[in-house]
Amino acid sequence: MPPMGMASTSLLAPTSFAPAAVAATARRSFFSHRPTSSLPAVRLRLTRTSSLVASASASPPRSLDALIFDCDGVILESEHLHRQAYNDAFAHFGVRCPPAADADTPLYWDEAFYDDLQNRIGGGKPKMRWYFGENGWPTSKILETAPSSDEDREKLVDVIQ
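Quick look at the structure:
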C-alpha cells in the first residue's frame, strides 16, 4: 500500500508479464487467440514515486480485453522525466543558447518553464524547434557553430532528441 497522500494506479496483466513467469510462458504467443480469462493475473501498481509493486492473484480476472500502457503522461505523470531527459541531453551535448552561449552552463528548462512549454507545444522536436526559434539556435558539441541552415537545424534537433 502506498504511503498516505501517494496516488497510485493499478493495472491487471496476465502472468506472462510477471518476471518469474516470462521463462515459463516464452513458448506461448502473447497474441494467441486464447481467452485471457484462463490466465492467472498479476496486479501491477505504480506509485507516484514510480516504484512498481507486483502481486499475484490466485483467481484470474473475469475478463481482460485490453492492457493500457501510458505513453504521454495522461495516466501516469511522466513529464518530469521528459524535462529531466531534455536537460540531461542539453548537458551531454553542451547545448548553449544566446545570450549565454559562451557561458559554462548548458541550457536548462526549469519546472515552471517546462510546464508552460508543454501546454503550448506538443512533441519533443516541435518543443525544441519552437524554443530555439524564439531564443536563438544554440551552439553545441554536435556542430561547430550554431546551425544556420534548415538541414543543420534538423540534424541538431534529431541528435538531441
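Going by UniProt numbering, the first residue of the sequence shown is number 1, and it counts up by one from there. For each residue, glycine too, the CB sits at the ideal point set by N, CA and C.
If you check the CB distance, Pro-106 and Gly-122 do not come in under 8 Å. Here Lys-125 is near Gln-161, since their CB atoms are less than 8 Å apart. Annotation: the stretch 111 to 147 contains the following complete segments of the alpha helix (DSSP H) (minimum length 4 residues), in chain order: 111 to 120, 124 to 135. Membership of Ala-85 in the alpha helix (DSSP H) is indicated by the continuous run 79 to 92. Here DSSP, grouped into helix, strand and coil, assigns Arg-153 to helix. Counting C-beta pairs closer than 8 Å gives three or more between the stretch 125 to 136 and the stretch 145 to 158, which meets the contact rule. Between Met-128 and Val-159, the C-beta gap is not smaller than 8 Å, which leaves the two residues out of contact. Phe-90 sits away from Tyr-114, with the two beta carbons spaced by 8 Å or more. Taking Asp-110 as reference, the option from Ser-140, His-92, Pro-138, Glu-79 with the minimal CA-CA separation is Glu-79.
Sequence-distant Cβ neighbours of His-92 in its own chain, meaning closer than 7 Å and more than five residues away, do not exist here.
The secondary-structure analysis by DSSP pairs Arg-96 across a beta bridge with Thr-139.
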